[in-house]
Amino acid sequence: MNEIDQLLENNRRWSERTTKVTPHFFKSLAQQQTPKFLWIGCSDSRVPANQIVDLPPGEVFVHRNVANLVVHTDFNCLSVLQFAIDVLKVEHVIVCGHYGCGGIDAAIQEEPLNLSLVDNWLGHIRDIAGKHEKELNKLSGEAKSARLCEINVLEQTENVKRNTIIRDALARGQTLKIHSWVYSLKNGLVTDLSVD
Ligand SMILES: [Zn+2]
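Per the numbering used here: the sequence shown = residues 7 to 202.
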């Protein structure tokens, strides 16, 4: 069996298993989604949104990109935000970074990755590293990378807060909380950096 056939086989088994445990699971999910959470996370394969918070399909609306960035002009991210806030009316936006993020590490390095598109994307993190240079220069190696992961999450959270979709929703009195999380690949635990 090749790798893809294996995935399809996994899928069939998962569907069977899920239906056995909850007979109407797919039927009710197919009719509507009512997630309370929007997850903005990194594309890293080790940081899967639903599994980390132990929630089944239907519970988390997800946007992932390299290094969990919220860029003001990224129509992909903006579309996800608008749909999540205005249509699904999620109550929580979670920006979740992770320690040991390859995107963060690449941005710290002096040498570009020589992947022109990704290097441009990582330019956003280099800007943040420049802004917090004073603090970051006191650190090195893993500690520097970890602190930049945290700073990046806090900066992206600020970008969420400054976003017009979010501001409009808050002005309408919509219930909405924004959270800054960092996930550890080493122990699977989330640290909440949120400040009220
Ligand atoms: Zn990452």
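Even for Gly, the Cβ is constructed at its ideal location relative to N, Cα and C.
query                                                                                                           : result
Collapsed DSSP secondary structure at Ser146 in the structure displayed                                         : coil
Pocket of ligand 1 (residues with CB nearer than 6 Å to any heavy atom), chain order                            : Cys48, Asp50, Ala73, His104, Cys107, Gly108 and Gly109
Distance CB(Leu44)-CB(Val99) smaller than 7 Å                                                                   : yes
Other residues of its chain near Tyr105: CB distance less than 7 Å, five sequence neighbours each side excluded : Ala152, Cys155, Val188, Ser190 and Leu191
Cβ shell of Lys42 (< 8 Å), same chain only, five flanking positions each side left out                          : Glu65, Val96, Glu97 and His98
As assigned by DSSP and simplified to three states, the class of Val93                                          : helix
Opening and closing residue of the alpha helix (DSSP H) in which Thr24 lies                                     : Glu9 to Val27
Residues bridged to Trp127 (per DSSP)                                                                           : DSSP, once it has assigned bridges, lists no residue as partnering Trp127.
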